[in-house]
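Peer 1: So the protein sequences, as listed, match chains A and B.
For the working numbering, add 4 to where a residue sits in the first sequence, where the first one is 1.
For the working numbering, add 4 to where a residue sits in the second sequence, where the first one is 1.
Number of protein chains: 2
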Amino acid sequence: MSACRAETFFSQQNSCCRIDVEEEVLRRIKPSPNEYLVVGSAVNKVVELLEEAKSFLDIDYTVSVQGSFAKDTWLSGDVDIDVFILLDKSYCLSIAVVDRLLRVLEKRVFRGYHVEYSYAQHPYIRVYVDPVWVEVVPGCRIEAGEKPLTAVDRTPFHTNYVKRHLEPWQLDEVRLLKRFMKGVGVYGAEIAVRGFSGYLVELLIATFGCFRKVLEAAVEWRPPVYIAPPGTTLEQARRLRRKYPDSVMFVPDPVDPNRNVAAAVSRRSLALFILASTLYLKSPSKAFFFPPKPPSSPNKLLEKAGWRARRIIVVRLESPEKIVEDVGWGIGWRVARRLASLLENLGFSVVDYSVYVDSKNIWVFVEVGEEVKPPLVLHRGPPVWKKNNMLRFVEKHLTSTSVGPWVSEDGILYVLKKPVHVDAKEAIESRVREWLPKSASSYSVSVYRLDEAVGRGLLSGELIEKAYQFVVKAPPWLKPWEYS
Amino acid sequence: MSACRAETFFSQQNSCCRIDVEEEVLRRIKPSPNEYLVVGSAVNKVVELLEEAKSFLDIDYTVSVQGSFAKDTWLSGDVDIDVFILLDKSYCLSIAVVDRLLRVLEKRVFRGYHVEYSYAQHPYIRVYVDPVWVEVVPGCRIEAGEKPLTAVDRTPFHTNYVKRHLEPWQLDEVRLLKRFMKGVGVYGAEIAVRGFSGYLVELLIATFGCFRKVLEAAVEWRPPVYIAPPGTTLEQARRLRRKYPDSVMFVPDPVDPNRNVAAAVSRRSLALFILASTLYLKSPSKAFFFPPKPPSSPNKLLEKAGWRARRIIVVRLESPEKIVEDVGWGIGWRVARRLASLLENLGFSVVDYSVYVDSKNIWVFVEVGEEVKPPLVLHRGPPVWKKNNMLRFVEKHLTSTSVGPWVSEDGILYVLKKPVHVDAKEAIESRVREWLPKSASSYSVSVYRLDEAVGRGLLSGELIEKAYQFVVKAPPWLKPWEYS
Numbered sequence: 005m006s007a008c009r010a011e012t013f014f015s016q017q018n019s020c021c022r023i024d025v026e027e028e029v030l031r032r033i034k035p036s037p038n039e040y041l042v043v044g045s046a047v048n049k050v051v052e053l054l055e056e057a058k059s060f061l062d063i064d065y066t067v068s069v070q071g072s073f074a075k076d077t078w079l080s081g082d083v084d085i086d087v088f089i090l091l092d093k094s095y096c097l098s099i100a101v102v103d104r105l106l107r108v109l110e111k112r113v114f115r116g117y118h119v120e121y122s123y124a125q126h127p128y129i130r131v132y133v134d135p136v137w138v139e140v141v142p143g144c145r146i147e148a149g150e151k152p153l154t155a156v157d158r159t160p161f162h163t164n165y166v167k168r169h170l171e172p173w174q175l176d177e178v179r180l181l182k183r184f185m186k187g188v189g190v191y192g193a194e195i196a197v198r199g200f201s202g203y204l205v206e207l208l209i210a211t212f213g214c215f216r217k218v219l220e221a222a223v224e225w226r227p228p229v230y231i232a233p234p235g236t237t238l239e240q241a242r243r244l245r246r247k248y249p250d251s252v253m254f255v256p257d258p259v260d261p262n263r264n265v266a267a268a269v270s271r272r273s274l275a276l277f278i279l280a281s282t283l284y285l286k287s288p289s290k291a292f293f294f295p296p297k298p299p300s301s302p303n304k305l306l307e308k309a310g311w312r313a314r315r316i317i318v319v320r321l322e323s324p325e326k327i328v329e330d331v332g333w334g335i336g337w338r339v340a341r342r343l344a345s346l347l348e349n350l351g352f353s354v355v356d357y358s359v360y361v362d363s364k365n366i367w368v369f370v371e372v373g374e375e376v377k378p379p380l381v382l383h384r385g386p387p388v389w390k391k392n393n394m395l396r397f398v399e400k401h402l403t404s405t406s407v408g409p410w411v412s413e414d415g416i417l418y419v420l421k422k423p424v425h426v427d428a429k430e431a432i433e434s435r436v437r438e439w440l441p442k443s444a445s446s447y448s449v450s451v452y453r454l455d456e457a458v459g460r461g462l463l464s465g466e467l468i469e470k471a472y473q474f475v476v477k478a479p480p481w482l483k484p485w486e487y488s
Numbered sequence: 005m006s007a008c009r010a011e012t013f014f015s016q017q018n019s020c021c022r023i024d025v026e027e028e029v030l031r032r033i034k035p036s037p038n039e040y041l042v043v044g045s046a047v048n049k050v051v052e053l054l055e056e057a058k059s060f061l062d063i064d065y066t067v068s069v070q071g072s073f074a075k076d077t078w079l080s081g082d083v084d085i086d087v088f089i090l091l092d093k094s095y096c097l098s099i100a101v102v103d104r105l106l107r108v109l110e111k112r113v114f115r116g117y118h119v120e121y122s123y124a125q126h127p128y129i130r131v132y133v134d135p136v137w138v139e140v141v142p143g144c145r146i147e148a149g150e151k152p153l154t155a156v157d158r159t160p161f162h163t164n165y166v167k168r169h170l171e172p173w174q175l176d177e178v179r180l181l182k183r184f185m186k187g188v189g190v191y192g193a194e195i196a197v198r199g200f201s202g203y204l205v206e207l208l209i210a211t212f213g214c215f216r217k218v219l220e221a222a223v224e225w226r227p228p229v230y231i232a233p234p235g236t237t238l239e240q241a242r243r244l245r246r247k248y249p250d251s252v253m254f255v256p257d258p259v260d261p262n263r264n265v266a267a268a269v270s271r272r273s274l275a276l277f278i279l280a281s282t283l284y285l286k287s288p289s290k291a292f293f294f295p296p297k298p299p300s301s302p303n304k305l306l307e308k309a310g311w312r313a314r315r316i317i318v319v320r321l322e323s324p325e326k327i328v329e330d331v332g333w334g335i336g337w338r339v340a341r342r343l344a345s346l347l348e349n350l351g352f353s354v355v356d357y358s359v360y361v362d363s364k365n366i367w368v369f370v371e372v373g374e375e376v377k378p379p380l381v382l383h384r385g386p387p388v389w390k391k392n393n394m395l396r397f398v399e400k401h402l403t404s405t406s407v408g409p410w411v412s413e414d415g416i417l418y419v420l421k422k423p424v425h426v427d428a429k430e431a432i433e434s435r436v437r438e439w440l441p442k443s444a445s446s447y448s449v450s451v452y453r454l455d456e457a458v459g460r461g462l463l464s465g466e467l468i469e470k471a472y473q474f475v476v477k478a479p480p481w482l483k484p485w486e487y488s
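In structure tokens form, the structure reads like this:
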């Protein structure tokens, strides 16, 4: 793992550099002057309209541009523009005020635009100003260091921090790291990914200097990982562990050091990033940034799966209404974990499981070790000197169809008994009540083998890609040739 | 577990008693007056001849009757008569003297009898005095407490101890316990059984008083078991543990408390005895004393095994010469254990194994969980943060036919890989060099499935019974109905 054979050195101090692959990627992801112009004018338009609106509204607010556009860390073709309307603390939490404000903006200010009224943790509106979406987000105007009132109130401070701490050349480093993480599949704090947020990427560049330095650091990471961005201390990072006991990575927010910016990063995402960093530094390639997409053809999927298609169980949870994405993924992962542990308790060997959520369904894939279990399996009983257990065990199995009981070399009783289920699909179907969480009780459940699901034409588009990836298992940046 | 509803009380003090089943068994195993007469006259004949022989031999010795006949603890139809010739210490170890003595006895004294010259740890001769075999055993005449010179020198002291410590009614208790242990399959210290010797049975009766009291004690045993026969202490029993680290039961020999009379008892034999004692006291039956014999018909064997016949591997080790029994069993068990651990290392699940030795072959049975393994099995690699292991693992599996590698939820790398062997029989056949001990290198090895071995007519007689028991697994005293 040596430093790059410097094609482009831009910081003697950090010995940061870029190799050809990175320059090439950067050319592709860096917004063009024309793109800046187009996006910029859309942003200006929204800001202008919001400023003008003040004159006929009796609500005072400050308009402020946020998001990756404001920080200039966006990727070509993929910008997020948040225009914040910061309200006075005395009424910013009043739903009535916020709602009336948004309704007026929606109906009068943005008339003629395509507008969506949306609700995450708080209400906001999305406006399409050709060719981009601009999000108009109400928040509270707080002072630096003050306790935030809503989830978005810290955002302006984050934006300031990034602007103050990143030098112009580092913005491209942020872009490289974002694209790398996207390629590797660990970009995004949402529950579907449980990875690295954009702000976390910016903090990593602020901390280590540049893309390659972050990767070089990651090669040495092992969970728990503690990182102190400028303005914070390792002591603060370590202190976060008590507050976030389930996290594997701890990065204090310079704007509020009691908050862990890396709270969402799962062990798997962290591990994937470490793995990809190590392999990339050893042998760089564009595949890490732009991995091939899995084919979306049902035939190619079945061909790739081969006889394993009969070992892969597809569970479909059909929702009676549109699925809220975070909720769906939450249920999906819970179902997957419960299915895996149920099957293992029943004596199946679970090879792997995964989840996919679309607007109407949660899909869970489970691969088991054997297509069917042998009709008799070894069952260990108590040692003969545990008198009560021993008597219960012997009496139970004397009158059953088990083979045995017998005493093995170690003095333990064993029987060969019929497993309750010999077929994983059948086990899942007949024990729905044991693995379906209450939160999904309104969903209708169906269970298929992968070959059945394909045969019935249930899988299509992205879901096939997901299934293809599940069959190949090695990620596309690791074995790109498996995806062509 | 209540005391017996005393049909026959014979010791107020110990509250020892016998129930009907035991009285009935006793009637069957107690030698008849006529049997005493016949066996007694055979013994007298041998003693007489040996005494007479002294007159024309220039070797002095003492003739002494030993064995279960001398102690009156023998079972009808199953007596062992040892007539010892005790020589002076000055020449008892001289092979020349002992050999000449035995040759003279063989050729001149027992002329006209059927005589076998035999060699266990030491030479002796067996004489058939219709209708019984009498063993004529040379030994050294030592004093009580003196260090024995040969393995048999303690025997006269054992005989004396038993005669002194067992009251007449207890001799029948010894008979009951011997027969019970035979039925349960734990009687005999030889390596084929690794169970309780006759002398140990006598000591147990001397310690606990009677058959039922031994069983009642056994119900509470768990290894390590310490027992102090009259004249020894529990402290002495405990001290034996250091000298016999592999034993599970410790009984000091009253004749030499540094010797563990129970050294041969295996964990399995001990467990079987505890199990049988518990079940017998709960629900007594003659099946414990006289369990049914397995059928010796190949067809019944195959029928009983069903599809499991394809999961049971039969390994045959054919010896170039007659097998010495103890040696054969020793090799057999070693082979069985090595086969089991080899198969488990290769990812097979071993259900059970067993051994049988006849005059020319060692037979090992192994039952595995699945007829064949799935063609791809889960293989766990290192966590991604073990950099060197990780790189080796990834590189190895990038170029192989494995599925993966992938990173699971726990940050560990996995692959699905082709198992080296999918078939247990094939694995055993192709790895003979790994499991065959040096001591068996002259044996020729063949491997079959049970159905093949039966189909080729390789199994017959006792070996079929052994295989039948291996298939049923539950011992015949536990599930007698499975053996009819």
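A virtual CB, placed ideally from N, CA and C, is assigned to each residue, including glycine.
The structure displayed is predicted, hence computed values, not measured ones.
Short check: CB of F161/A to CB of V42/A, under 7 Å?
Peer 2: As a working note, residue 161/A is residue 157 in the first sequence. As a working note, residue 42/A is residue 38 in the first sequence. No, they are not a contact pair.
Peer 1: What in chain A is Cβ-close to E206/B, meaning under 8 Å?
Peer 2: Sequence index remark: in the second sequence, residue 206/B carries index 202 (1-based). In chain order: nothing, as chain A lies at least about 24 Å away.
Peer 1: Which of the residues in the stretch 367-393 of chain B, read from start to end, lie with their CB under 9 Å from any CB of chain A?
Peer 2: Cβ contacts with chain A come from E371, G373, E374, E375, K377, P378, P379, L380, V381, L382, P387, V388, W389, K390, K391.
Peer 1: Let me know the secondary structure DSSP gives Q70/B once reduced to three states.
Peer 2: On the second sequence, position 66 is the one that residue 70/B refers to. In the structure shown, Q70/B sits in a strand (DSSP, three-state: E or B).
Peer 1: Can you tell me which of F212/A, Y65/A, Y472/A, E194/A puts its alpha carbon nearest to the alpha carbon of H169/A?
Peer 2: As a working mapping, residue 169/A is identified with position 165 in the first sequence. Nearest of F212/A, Y65/A, Y472/A, E194/A to H169/A, Cα basis: F212/A.
Peer 1: Grouping DSSP H, G and I as helix and E and B as strand, with all else coil, what is Y117/A?
Peer 2: As a position in the first sequence, residue 117/A is number 113, starting the count at 1. The answer is coil: DSSP assigns Y117/A none of H, G, I, E or B.
Peer 1: For the alpha helix (DSSP H) containing P302/A, list its first residue and its last residue.
Peer 2: By one-based count along the first sequence, residue 302/A stands at place 298. First-last of the alpha helix (DSSP H) with P302/A: 302-309.
Peer 1: Whole angstroms is fine: what's the gap from D134/A's alpha carbon to A193/A's?
Peer 2: Walking along the first sequence from the start, residue 134/A turns up at place 130. Walking along the first sequence from the start, residue 193/A turns up at place 189. Cα to Cα, D134/A sits roughly 28 Å from A193/A.
Peer 1: With a floor of 4 residues, list each alpha helix (DSSP H) that falls wholly inside the stretch 231-274 of chain A, ordered by position along the chain.
Peer 2: Segments of the alpha helix (DSSP H) lying fully in the stretch 231-274 of chain A: 238-247.
Peer 1: Using only CA atoms, which one of G187/A, G459/A, R112/A lies nearest to P298/A?
Peer 2: Along the first sequence, read from residue 1 onward, the residue named residue 298/A stands at position 294. Of the candidates G187/A, G459/A, R112/A, the one whose C-alpha sits nearest the C-alpha of P298/A is G187/A.
Peer 1: Strictly under 7 Å for the Cβ-Cβ distance: is I316/B near chain A by that measure?
Peer 2: Working through the second sequence from its first residue, we reach residue 316/B at position 312. Not an interface residue.
Peer 1: Going by the DSSP bridge assignment, what does R320/A pair with across the sheet?
Peer 2: Locating residue 320/A in the first sequence gives position 316, counting from the first residue. Beta-bridge pairing links R320/A to W367/A, S450/A.
Peer 1: Roughly how many whole angstroms lie between the Cα atoms of G81/B and L30/B?
Peer 2: Locating residue 81/B in the second sequence gives position 77, where the first residue counts as 1. Locating residue 30/B in the second sequence gives position 26, where the first residue counts as 1. Taking the straight line joining both Cα atoms gives about 13 Å.
Peer 1: Could I get the ranges of all uninterrupted alpha helix (DSSP H) runs contained in the stretch 168-210 of chain B, with 4 residues as the minimum, in chain order?
Peer 2: You should have 172-188.
Peer 1: If I'm right that L545/A touches I366/A with Cβ under 8 Å, what's the distance once you round it to whole angstroms?
Peer 2: With chain A covering only 5 through 488, there is no way to say anything about residue 545/A.
Peer 1: Please classify Y121/A: is it buried, with 16 or more other beta-carbons within 10 angstroms of its beta-carbon, or exposed?
Peer 2: Here residue 121/A corresponds to residue number 117 of the first sequence, with the count starting at 1. So Y121/A counts as exposed.
Peer 1: Tell me whether the beta-carbon of V197/A lies closer than 7 Å to the beta-carbon of L208/A.
Peer 2: Stepping through the first sequence from its first residue, residue 197/A is reached at position 193. Stepping through the first sequence from its first residue, residue 208/A is reached at position 204. Result no, Cβ atoms of V197/A and L208/A do not sit closer than 7 Å.
Peer 1: Give a yes or no on whether 7 Å exceeds the smallest Cβ distance from V218/B to chain A.
Peer 2: By one-based count along the second sequence, residue 218/B stands at place 214. By this cut-off, V218/B is not an interface position.
Peer 1: Helix, strand or coil: which one does DSSP assign to P127/A?
Peer 2: Here the question's residue 127/A lines up with position 123 in the first sequence. DSSP places P127/A in strand when its eight states are reduced to three.
Peer 1: To test your reading of the DSSP string, which unbroken beta strand (DSSP E) runs of 3 or more residues are found completely within the stretch 39-100 of chain B?
Peer 2: Those beta strand (DSSP E) runs which fall completely within the stretch 39-100 of chain B and span 3+ residues are 65-70, 85-91.
Peer 1: Measuring CA to CA, which of R216/A, I63/A, F114/A is closest to D24/A?
Peer 2: Looking up residue 24/A in the first sequence gives position 20. Ranking R216/A, I63/A, F114/A by Cα distance to D24/A puts R216/A first.
Peer 1: For V436/A, which three-state DSSP category applies?
Peer 2: Here residue 436/A corresponds to residue number 432 of the first sequence, with the count starting at 1. Helix at V436/A.
Peer 1: Which of the three DSSP states is assigned to S6/A in this structure?
Peer 2: Sequence index remark: in the first sequence, residue 6/A carries index 2 (1-based). Low local confidence applies: a pLDDT of 43 at S6/A is under 50, so the model's placement there is unreliable, with the coordinate-based value given in what follows. Three-state result, S6/A: coil.
Peer 1: So, is the C-beta of V407/B closer than 7 Å to a C-beta in chain A?
Peer 2: Walking along the second sequence from the start, residue 407/B turns up at place 403. So, interface residue.
Peer 1: Got a sec: is the Cβ-Cβ distance from A478/B to anything in chain A below 7 Å?
Peer 2: Within the second sequence, residue 478/B is the residue found at index 474, counting from 1. Cβ-Cβ to chain A under 7 Å: yes for A478/B.
Peer 1: DSSP puts V140/A in a beta bridge; with which residues?
Peer 2: Numbered from 1 along the first sequence, position 136 holds the residue referred to as residue 140/A. Bridge partners of V140/A: V87/A, I129/A.
Peer 1: In chain A, which residues lie less than 7 Å from D414/B when you measure between Cβ atoms?
Peer 2: Here residue 414/B corresponds to residue number 410 of the second sequence, with the count starting at 1. Under the 7 Å cutoff, chain A gives R271.
Peer 1: Could you compute how far the alpha carbon of A340/B sits from the alpha carbon of P484/A?
Peer 2: Counting from one through the second sequence, the residue named residue 340/B turns up at place 336. Counting from one through the first sequence, the residue named residue 484/A turns up at place 480. Using only the alpha carbons, I get a separation of about 47 Å.
Peer 1: Output, in chain order, the set of chain B residues within a Cβ distance shorter than 8 Å of S353/A.
Peer 2: On the first sequence, position 349 is the one that residue 353/A refers to. Chain B residues near S353/A: L382.
Peer 1: Which of helix, strand or coil does DSSP assign to H425/B?
Peer 2: On the second sequence, residue 425/B is found 421 positions in, with the first residue counted as 1. It is coil, neither helix nor strand.
Peer 1: Answer with yes or no whether the minimum CB distance from W410/B to chain A is below 7 Å.
Peer 2: Position 406 of the second sequence, counted from the start, is the residue given in the question as residue 410/B. Output row for W410/B: interface = yes.
Peer 1: Compile a chain-ordered list of the residues in the stretch 255-271 of chain A whose CB is closer than 7 Å to at least one CB of chain B.
Peer 2: Per Cβ criterion, the list reads R271.
Peer 1: Please specify which runs of the alpha helix (DSSP H), each continuous and at least 4 residues long, are wholly inside the stretch 385-409 of chain A, giving them in chain order.
Peer 2: As far as the stretch 385-409 of chain A is concerned, its whole alpha helix (DSSP H) runs of at least 4 residues are 391-402.
Peer 1: If distances are taken between C-alpha atoms only, which option among V419/A, P379/A, L380/A comes closest to V398/A?
Peer 2: Your numbering for residue 398/A matches position 394 in the first sequence. Looking at the Cα atoms, V419/A is the closest of the given residues.
Peer 1: Comparing alpha-carbon positions, which option in E469/B, K290/B, K304/B, L204/B lies nearest R263/B?
Peer 2: Taking the second sequence and counting its residues from 1, the one referred to as residue 263/B is at position 259. The shortest C-alpha separation from R263/B is found at L204/B.
Peer 1: Ordered along the chain, which non-local residues of its own chain (more than five positions away) have a Cβ less than 6 Å from that of K470/B?
Peer 2: If you number the second sequence from 1, residue 470/B lands on position 466. Excluding positions up to five away in sequence, the list reads Y360.
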